[in-house]
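Numbering (the numbering used here), first residue to last: 32 to 149.
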């Protein structure tokens, strides 16, 4: 999806906050998911940019949930712990990158993200 003009500052800020909100999962399970959904639902009708960013973040969150389940089952093989740790690091780093890109007015898809929402 191409944006015709630079989104307004408030749109870029909201989009950035949506990306950063997923980090709440590291402190409180499901808090990040709830925060992302609530923030996205509040502003998605006002801005196509925020709507798209919310979908990007939810796609990533659902994807990393699936990857986490796979890694959890691979604990029995011996590589699951390492994969879970790498996934946590990736979640942290990619959320920050996504927030910065959103604040710059860019649509950035997370690597290895499955597109559930279009």
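Glycine is no exception: its CB is placed at the ideal position from the N, C-alpha and C atoms. Here the structure is a predicted model, which means the values were calculated and not measured.
| Item | Value |
| --- | --- |
| Can you have a look at residue 40 and say buried or exposed, based on whether 16 or more other CB atoms are within 10 angstroms of its CB? | exposed |
| Does the beta-carbon of residue 143 have 16 or more other beta-carbons within 10 angstroms, so that it is buried, or is it exposed? | exposed |
| Which stretch, first to last residue, makes up the alpha helix (DSSP H) that contains residue 36? | Per DSSP, residue 36 belongs to no alpha helix (DSSP H) and is neither H nor E. |
| With DSSP run on the structure shown, which of helix, strand or coil describes residue 98? | helix |
| Return the chain-ordered list of same chain residues with a C-beta closer than 8 Å to the C-beta of residue 139, the five sequence neighbours on each side being excluded. | 87, 128, 129, 132 and 133 |
| Please classify residue 120 as buried or exposed, where buried requires at least 16 neighbouring CB atoms within 10 angstroms. | exposed |
| On a Cα-Cα basis, can you pick out the residue from 112, 118, 42 and 135 that is closest to residue 76? | 42 |
| Any chance you could list the alpha helix (DSSP H) runs of at least 4 consecutive residues sitting entirely within the region 48 to 103, in chain order? | 62 to 74 |
| Between the Cα of residue 147 and the Cα atoms of 92, 55 and 68, which residue gives the shortest distance? | 92 |
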